[in-house]
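Undergrad: Chains as they are written, first to last, in full-length UniProt numbering: chain P, 1 to 237; chain U, 1 to 252. Got a structure for you, questions after.
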C-alpha cells in the first residue's frame, strides 16, 4: 500500500507532480500509477491531467478508472484534482461536447476570445501564466470586508480562505495556470477560490475529502509547494 | 490580473550556458543547473533552455541537465533545440520539461506540431520562430539557427502554427538578437495582434526599459532575455520591480 497515488491515465507529464510531492513529502511512498488496485489502496490520491477533455475521458473510461475515482471519493480518502483533474469532475465539458464524471453538477466552459484586460491588453486563450488566486470564506463575507487574523507580531493580516489547504498561503498569491476552459459549478458553495480573466471564474473547489484546483501547484513555486504540503498533511473529518 | 512573464533563457552547449551575438561568437556564462536555481530564487516566472549543441554525440547532456533542474526548481521549464519527432517531445517531457519548443522541424515537417500537440496537448508545444526583416513591416522565417531562409512570412507562419495546435509562440528577431538595442517592436506587435495564443518576445534586450517596451509597445505576453541576467547586469527581481513601476502587472 502506497502513501500517495498519482493517477496516470496517459494524459500529460506527471513527473513534475511527482517531483513536487517528493519535495514536500520526502519520506512518503509515492506511486505514479494507472492500476485501479494501487489507487484504491493508497492513503491519498492526486488526480492530475493535461490535454483535451474527450481524450482524457476516453482514457479514464477505457482504463476503468472512472469507477475507482468515484469509490475513492466516496470512501473519504483525501483527493486532490489538478487542471483536467478538476474539470472532468463536473457533468459536462464544452470541449468536444464531452460527458464527464459528474461528481459535481455544473459545466466546463471555454473562455471567450477577443476580450481585453483593464490595461487594454488582449486576453489570449489559453489563459497561461501566473494569476492571483482569491481565496473564499464560507459563508462569503460582505463586499469590501476582509477576513483578518492577528499575525505573530500582533499586526492584522488578511486571513484568506477558510479551507485548511490555504493555510500559510497569502491571500491573492499567484499560481501558474495554463488552460482554455474553466469550471462553472451549479452549487456556488463549492468554490474555494476565484481568479479573474477578465471576469471571475472558480479556480478551486472543495467538498468533504475532495479538493481540486485549475492551476498547477507543482509549477507554482513556494505557494504551490505549500498547498501540496497542506494536502499531504490534510485529514478531512 | 494575469501577470506578464519574465523568462530568462539559457542557451546550452556541451553542458554550459553560453551567449552569442546574432547567433555567433559564443561567451561562457556558467553551469546551467546553478544558473537555473539562481533565476528561480530571483523570481523568474519560467525558464527556457535551448540546446544549441551542434554535435549529436552531446545530445544526452541536456536531458541530465533538465532532470537535475526539475528536481529543484518548481516553475515551468521549456526546452528546445533539435526536436525532430514526437518521440523527442516525449523524451524531453519525461526528463522534466513542461513545454517543448520546436523551430526548424516545424518548417521541415509542420505535421510534427499537429501530432505533438494532439498527443501531449497544446499547452506544452511552443513554436519558436526566428524572423528577419526583409521590407517595411515584412519579416521572413529563418531556420537552422538562423542560417537558412525559408521564404515564409513570419506573421502568416505564426497563424499557421496556431491553427496546427501550437500553444505559444517564441518570437526571436534575428536582426535584434545580441544587439542590446531592444526588441523588434513592430514584429512583436504584428505577430501578437494576429494571434489568439500568447507570444514571447525575444532578441535584443539590453536594459530594463526594453523589457517594459516589449509588453507596452510590442503587446507581448511574456519577455525573454539572456545576457542582461547572465552577466549580472540585472536580477530578475530588479526587472520586475522596474516593470511594476511602469504599471505592468508582474508577479513580485
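For each residue, glycine too, the CB sits at the ideal point set by N, CA and C.
Of all the options 121(U), 1(U), 106(U) and 84(U), which has the alpha carbon lying nearest to the alpha carbon of residue 157(U)?
TA: 106(U)
Undergrad: Compare the Cα-Cα distances from residue 176(P) to each of 161(P), 218(P) and 166(P) and report the closest residue.
TA: 218(P)
Undergrad: Kindly list, in the order they appear in chain P, the residues whose Cβ is closer than 7 Å to that of residue 64(U).
TA: Correct list: empty, because the minimum Cβ distance to chain P is about 14 Å.
Undergrad: For chain P, is any of its Cβ atoms less than 8 Å away from the one on residue 75(U)?
TA: yes
Undergrad: Which of the three DSSP states, helix, strand or coil, is assigned to residue 166(P)?
TA: It is helical.
Undergrad: Enumerate in chain order the residues of its own chain whose CB-to-CB distance from residue 119(U) is below 7 Å, with the five nearest sequence positions on each side excluded.
TA: 86
Undergrad: Let me know if residue 106(P) comes out buried or exposed under the rule of 16 or more other beta-carbons within 10 Å of its beta-carbon.
TA: buried
Undergrad: Alpha carbon to alpha carbon, how far is residue 213(P) from residue 90(P)? Give it in angstroms, no decimals.
TA: 13 Å
Undergrad: Using a Cβ-Cβ cut-off of less than 8 Å, list which residues of the region 116–138 of chain P approach chain U; keep chain order.
TA: 117, 118, 119, 121, 122, 123, 124, 125, 126, 127, 128, 129, 130, 131 and 132
Undergrad: Out of 88(U), 132(U), 95(U) and 12(U), point me to the one whose CA is closest to residue 113(U)'s CA.
TA: 88(U)
Undergrad: Going straight from the alpha carbon of residue 185(U) to that of residue 138(P), what length do you get?
TA: 47 Å
Undergrad: Quick one: does residue 163(U) have its CB under 8 Å from some CB of chain P?
TA: no
Undergrad: Is the beta carbon of residue 36(U) closer than 8 Å to that of residue 174(P)?
TA: Result no, Cβ atoms of residue 174(P) and residue 36(U) do not sit closer than 8 Å.
Undergrad: Pull up the distance between the alpha-carbon of residue 22(P) and that of residue 47(P), whole angstroms please.
TA: In this model, residue 22(P) and residue 47(P) are separated by some 16 Å (Cα to Cα).
Undergrad: Note down, in chain order, each residue of its chain lying with its Cβ closer than 7 Å to the Cβ of residue 8(P), except the 5 sequence neighbours on either side.
TA: So the list reads 14, 32, 33 and 34, once near-sequence residues are dropped.
Undergrad: What residue from 198(U), 205(U) and 243(U) has the CA that sits closest to residue 222(U)'s CA?
TA: 198(U)
Undergrad: If we count Cβ pairs, one from each stretch, closer than 8 Å, do we get three or more for the region 243–252 of chain U versus the region 206–213 of chain U?
TA: yes
Undergrad: Put residue 8(U) into one of helix, strand or coil per three-state DSSP.
TA: strand
Undergrad: Compute the distance between the beta-carbons of residue 6(U) and residue 32(U), then report whether it is under 8 Å.
TA: No; because the gap between Cβ atoms is not below 8 Å, this pair is not in contact.
Undergrad: For residue 231(U), is the classification buried or exposed, using 16 other Cβ atoms within 10 angstroms of its Cβ as the cut-off for buried?
TA: exposed
Undergrad: Could you tell me which residues DSSP pairs with residue 78(U) in its beta bridges?
TA: 48(U) and 99(U)
Undergrad: So which residues on chain U does residue 16(P) lean against when the C-beta distance must stay under 7 Å?
TA: 70, 96 and 98
Undergrad: Leaving aside the five residues before and after residue 242(U) along the sequence, list all residues of the same chain whose C-beta is less than 6 Å from its C-beta, in chain order.
TA: 208
Undergrad: With burial defined as no fewer than 16 other Cβ atoms inside 10 Å of the residue's Cβ, what is the status of residue 108(U): buried or exposed?
TA: exposed
Undergrad: DSSP on residue 224(P), reduced to helix/strand/coil?
TA: helix
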